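Input: a single structure, listed below in structure tokens.
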Amino acid sequence: LVGLGDSSINWQVRIWATPDNYFRLRQALTRQVKYHLDEAGIGIPFPQRDVHLDELNGEPDA
Numbered sequence: 477l478v479g480l481g482d483s484s485i486n487w488q489v490r491i492w493a494t495p496d497n498y499f500r501l502r503q504a505l506t507r508q509v510k511y512h513l514d515e516a517g518i519g520i521p522f523p524q525r526d527v528h529l530d531e532l533n534g535e536p537d538a
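Just so we're aligned, residue 477 is where the sequence shown starts under this note's numbering, counting upward by one.
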């Protein structure tokens, strides 16, 4: 665990691989982590912002 964000829990995972296998291994590890989080019912949060418009075209709503 490396920190807590506004809408996240930040982990750091280190892998050791040969240079020619690094990206393939990283992609496979990322997919496995996501798969197991989904299986455990753990969602990945994302920031969300709601925008409410009180006026449209400069005129108040009727």
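Glycine residues also receive a C-beta, built at the ideal position from the N, C-alpha and C atoms. Note that the structure is predicted; figures quoted are calculated from it, not measured.
Does DSSP classify residue i as helix, strand or coil?
i	result
residue 480	strand
residue 491	coil
residue 485	strand
Which residue comes first and which comes last in the alpha helix (DSSP H) that contains residue i?
i	result
residue 507	498 to 515
From this set, the options, which residue's C-alpha is nearest residue i's C-alpha?
i	options	result
residue 481	491, 523, 500	523
Measure the beta-carbon distance from residue i to residue j and round it to whole angstroms, keeping in mind my assumption that it falls under 8 Å.
i	j	result
residue 513	residue 520	7 Å
residue 491	residue 477	Between residue 477 and residue 491 the Cβ distance is about 17 Å, and since that is not below 8 Å, they are no contact.
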